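S.K.:
Numbering (the numbering used here), first residue to last: 48 to 275.
Structure follows, in structure tokens:
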């Protein structure tokens, strides 16, 4: 079982990256982290992609999931910008206790733009959780992710856990410097793009067009309200 570094003291924050190559390594590292948190009576949030969620549930066995908040990261992290707020909200619900979180915001199949924004999230976690008694363990599938994504993970996490060893990451970078590196142009969208030429006095037409488009999506009325 892999041992995740413990916080250095009260209010300390720990943010290690777990680099895994197969399911067995994943279950050993993440499962061990969850079991240790449960044994210590600490609240646990597991936010990982659906298939990994199912595997963890099964590995923990009957009753092993008591005390765990399970979240499918493919739903929560569909918009990477929502992840940080969700992690903070979980920690805020357990004031005075050391929160333990597993967050896997990047998985094989993420688009380059999504991976870029999720990497930004990973960098900002270090600032947002400063002074909070929490550990956020972030698994990375090194066999399935692009090398540049794995390289960025080494820059966003102070500690790297690989092949059973936890070591300081020499590539770890300051969040502000890394965030600046991530300010890259978005890739051109795939497929046809809708265009609406307009000129002075055509704002009503633009609003009507945007509202019609929003109503054709799966957005709730509350979320599409800004487009109408």
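C-beta atoms are modelled at their ideal positions from N, C-alpha and C, and glycine is treated no differently. Predicted, not measured: the structure shown is a model, and the values here were computed from it.
Let's test the definition: count the other Cβ atoms within 10 Å of the Cβ of residue 247 and tell me whether it reaches 16, buried, or not, exposed.
M.R.: For the purposes of this step, residue 247 is taken as residue 200 along the chain shown, with counting starting at 1. Exposed, because fewer than 16 other Cβ atoms sit within 10 Å of the Cβ of residue 247.
S.K.: Indicate whether residue 97 and residue 119 have their beta-carbon atoms separated by less than 7 Å.
M.R.: Start at 1 with the first residue of the chain shown, and residue 97 comes out as number 50. Start at 1 with the first residue of the chain shown, and residue 119 comes out as number 72. Result yes, Cβ atoms of residue 97 and residue 119 sit closer than 7 Å.
S.K.: How about the stretch 222 to 229 and the stretch 178 to 198: do they share at least three Cβ pairs that are nearer than 8 Å?
M.R.: The stretch 222 to 229, when compared against the stretch 178 to 198, does not touch it at the 8 Å Cβ threshold.
S.K.: Only counting runs of 4 or more residues, tell me where the alpha helix (DSSP H) segments fall wholly within the stretch 70 to 133, in order along the chain.
M.R.: Listed in chain order, they are 70 to 86, 97 to 107 and 120 to 123.
S.K.: So is residue 275 buried or exposed if we call it buried at 16+ other beta carbons inside 10 Å?
M.R.: Position 228 of the chain shown, counted from the start, is the residue given in the question as residue 275. A caution first: residue 275 carries a pLDDT of 49, below 50, which makes its placement in the model too unreliable to give a value.
S.K.: Which of the three DSSP states is assigned to residue 237 in this structure?
M.R.: As a working note, residue 237 is residue 190 in the chain shown. Reduced to three states, the DSSP call for residue 237 is coil.
S.K.: Since residue 209 is in the alpha helix (DSSP H), which residue starts that stretch and which ends it?
M.R.: Taking the first residue of the chain shown as position 1, residue 209 is located at position 162. Counting along the chain, residue 209 falls outside any alpha helix (DSSP H), though it belongs to the beta strand (DSSP E) covering 206 to 209.
S.K.: Which class does residue 242 belong to by DSSP, given the choice of helix, strand or coil?
M.R.: To locate residue 242, count along the chain shown from 1; it is residue 195. Here residue 242 sits in coil by DSSP.
S.K.: Mapping DSSP to helix, strand and coil, what is residue 253?
M.R.: Start at 1 with the first residue of the chain shown, and residue 253 comes out as number 206. If DSSP states are grouped into helix, strand and coil, residue 253 belongs with the helices.
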